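Chemist: Next up is a structure, given as structure tokens.
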């Protein structure tokens, strides 16, 4: 556009009071004296395990996230255009659509409407972002509803980012096969403000979350809180300057999760010999079957690879014997349900030891998710425990 900029206003501007108020302001103003450790804002957790908690962040949190993930993984530039399907009131969307692009002078695509695959593909084609942020369920939906000419719509994207929950290997592989691009998976949390574990561009290992982002220390620890050896399963904890001060008016939850400088994420994880981390599931989601621990993600990766399975989640439920058994809850694309169950049984028998194989397969219309697209396993567990009418 050419010509002078125009400011459209309503209300007091019509009487001229807005302009008088602007003229009366001093040419400069003193900033409020604050300290990097002062509380600055809070965000609410996503509610994957129950009632969301208010997470209190300090002034230093945003700057640290920019200097760590923003610099070392995103490498945000002034000519970038960022587009995130998560909204600004979630930690993932706040970084993606506000402070990462703002500090680099980059542009942002904001859409007030709820997510839909058609609208997202339209915005990708029209706005041509170079940074795209989404959660795994969004990538799955985009694959399922990709229009003709899709590769062109994402041709300018130089970073495809995923966080919020583990990205299934099936989605990584399918996206790479169809569009020739890698999805950079990472792990973050509202309590850490953004991503602290991430794969790197050109070095993505599907099924893993990569290595710690510079500026963070990440450990797997045993039941006594001591660092576990590589290859051993334990609790995941992280420390860095963006870790929150605690939960608003939730003192007991704060004591459990924030231990000195460390935040205990609530995930069970393992670090490989080459320093890559893999999350096996939330501590509360791990299942003990036949005396052995089972990661739902291990089973889900097998089930998700079966034709006609669009989404999958594995939870535990008491069987007829009263013992915990694995239940695979799937969303199917189409076809005969009984034949689908047979294919899932066959795939699990070929790929998994007996104690990791689902005893039941439940076909659902959709999986319960939060507003950010994260799976709500506790809702799923409650649903399958109810007697079938």
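Numbering (the working numbering), first residue to last: 28 to 416. All C-beta atoms, glycine included, are put in the ideal place defined by N, C-alpha and C. Here the structure is a predicted model, which is why all the values come from computation and not from measurement.
#1: Does DSSP put residue 356 in a helix, a strand or coil?
#2: Measuring CA to CA, which of 247, 133, 221 is closest to residue 302?
#3: Residue 216 and residue 310: beta carbons closer than 7 Å?
#4: Since residue 397 and residue 73 should fall inside the 8 Å C-beta cutoff, what is the C-beta to C-beta distance between them, to a whole number of angstroms?
#5: Which same chain residues end up closer than 8 Å to residue 386 when comparing Cβ atoms and leaving out the 5 residues on each side of it in sequence?
#6: Sort 175, 259, 53 by Cα distance to residue 296 and report the nearest one.
#7: To which residues of the same chain is residue 342 closer than 6 Å at the C-beta, ignoring the five residues directly before and after it?
#8: Under 7 Å, do residue 375 and residue 329 count as touching if we go by C-beta distance?
#9: For a quick check, are the C-beta atoms of residue 272 and residue 85 less than 7 Å apart?
#10: Whole beta strand (DSSP E) runs in the segment 200-226 with 3 or more residues, listed along the chain?
#11: Specify, as a first and last residue, the run of the alpha helix (DSSP H) that residue 128 falls within.
#12: Candidates 223, 186, 264, 198: which alpha carbon is nearest residue 110's?
#13: Are the CB atoms of residue 126 and residue 89 within a distance shorter than 7 Å?
#14: Among 104, 232, 238, 223, whose alpha-carbon lies nearest the alpha-carbon of residue 267?
#15: Quick check: what's the CA-CA separation for residue 96 versus residue 189?
#16: Does DSSP put residue 116 in a helix, in a strand, or in coil?
#17: Given a threshold of 16 other Cβ atoms within 10 Å of its Cβ, counted over all protein chains shown, does residue 415 qualify as buried or as exposed?
#18: Counting along the chain, where does the beta strand (DSSP E) carrying residue 292 start and finish?
#19: Along the chain, where does the beta strand (DSSP E) that runs through residue 371 open and close?
#20: Report the option in 377, 326, 107, 134 whose CA atom is closest to the CA atom of residue 183.
#21: Quick check: what's the CA-CA separation for residue 167 versus residue 51?
#22: Using DSSP with H/G/I as helix, E/B as strand and the rest coil, what is residue 415?
#23: Counting only the same chain and skipping the five closest in sequence on each side, list residues whose C-beta sits under 8 Å from that of residue 131.
Modeler: So, from the data block:
#1: In the chain shown, residue 356 corresponds to position 329, counting from 1. Three-state result, residue 356: strand.
#2: Along the chain shown, read from residue 1 onward, the residue named residue 302 stands at position 275. Per the C-alpha coordinates, the member of 247, 133, 221 positioned closest to residue 302 is 247.
#3: Taking the first residue of the chain shown as 1, we reach residue 216 at position 189. Taking the first residue of the chain shown as 1, we reach residue 310 at position 283. Cβ atoms of residue 216 and residue 310: not closer than 7 Å.
#4: The residue labelled residue 397 in the question sits at position 370 within the chain shown. The residue labelled residue 73 in the question sits at position 46 within the chain shown. With a Cβ gap of about 5 Å, residue 397 and residue 73 count as contacting.
#5: Mapped onto the chain shown, residue 386 falls at position 359. These residues qualify, in order along the chain: 346, 352, 353, 354.
#6: Here residue 296 refers to the residue found at position 269 when the chain shown is read from its first residue. Of the listed residues, the one whose Cα sits closest to residue 296 is 259.
#7: Along the chain shown, read from residue 1 onward, the residue named residue 342 stands at position 315. Excluding five sequence positions before and after residue 342, the CB atoms of its chain that fall closer than 6 Å to its own CB belong to 354, 404, 407, 408, given in chain order.
#8: Your numbering for residue 375 matches position 348 in the chain shown. Your numbering for residue 329 matches position 302 in the chain shown. Yes, Cβ-Cβ distance for residue 375 and residue 329 is below 7 Å.
#9: Sequence index remark: in the chain shown, residue 272 carries index 245 (1-based). Sequence index remark: in the chain shown, residue 85 carries index 58 (1-based). Yes, they are a contact pair.
#10: You should have 210-215, 222-225.
#11: For this step, residue 128 is matched to residue 101 along the chain shown. Run containing residue 128: 127-131, per the alpha helix (DSSP H) assignment.
#12: Here residue 110 is taken as the residue at index 83 of the chain shown, counted from 1. Between residue 110 and the set 223, 186, 264, 198, the nearest pair of CA atoms involves 186.
#13: Within the chain shown, numbered from 1, the residue matching residue 89 stands at position 62. Within the chain shown, numbered from 1, the residue matching residue 126 stands at position 99. It is a contact, given that the beta carbons lie within the stated cut-off.
#14: Along the chain shown, one-based indexing puts residue 267 at 240. For the set 104, 232, 238, 223, the Cα lying nearest the Cα of residue 267 is the one of 223.
#15: Taking the first residue of the chain shown as position 1, residue 96 is located at position 69. Taking the first residue of the chain shown as position 1, residue 189 is located at position 162. Spanning the two alpha carbons is a distance of roughly 13 Å.
#16: Mapped onto the chain shown, residue 116 falls at position 89. In the three-state reduction of the DSSP assignment, residue 116 falls in the coil class, being assigned neither a helical nor a strand state.
#17: Against the chain shown, residue 415 aligns to sequence position 388. Residue confidence is low: residue 415 scores 44 on pLDDT, short of 50, so the model does not pin down where it sits. No coordinate-derived value is stated.
#18: Taking the first residue of the chain shown as position 1, residue 292 is located at position 265. Residue 292 -> beta strand (DSSP E) spans 289-298.
#19: Here the question's residue 371 lines up with position 344 in the chain shown. For residue 371, there is no enclosing beta strand (DSSP E); the enclosing alpha helix (DSSP H) has its first and last residue at 364-378.
#20: Counting from one through the chain shown, the residue named residue 183 turns up at place 156. The option with the nearest alpha carbon to residue 183 is 107.
#21: In the chain shown, counting from the first residue as 1, residue 167 sits at position 140. In the chain shown, counting from the first residue as 1, residue 51 sits at position 24. Residue 51 has its alpha-carbon roughly 54 Å from the corresponding atom of residue 167.
#22: Here residue 415 is taken as the residue at index 388 of the chain shown, counted from 1. Per-residue confidence for residue 415 stands at a pLDDT of 44, beneath the threshold of 50, marking its modelled position as unreliable; the derived number appears in the next sentence. In the structure shown, residue 415 adopts coil according to DSSP, grouped into three states.
#23: The residue given as residue 131 occupies position 104 in the chain shown. Once the five neighbours on either side are set aside, the close Cβ partners of residue 131 are 97, 103, 104, 105, 107.
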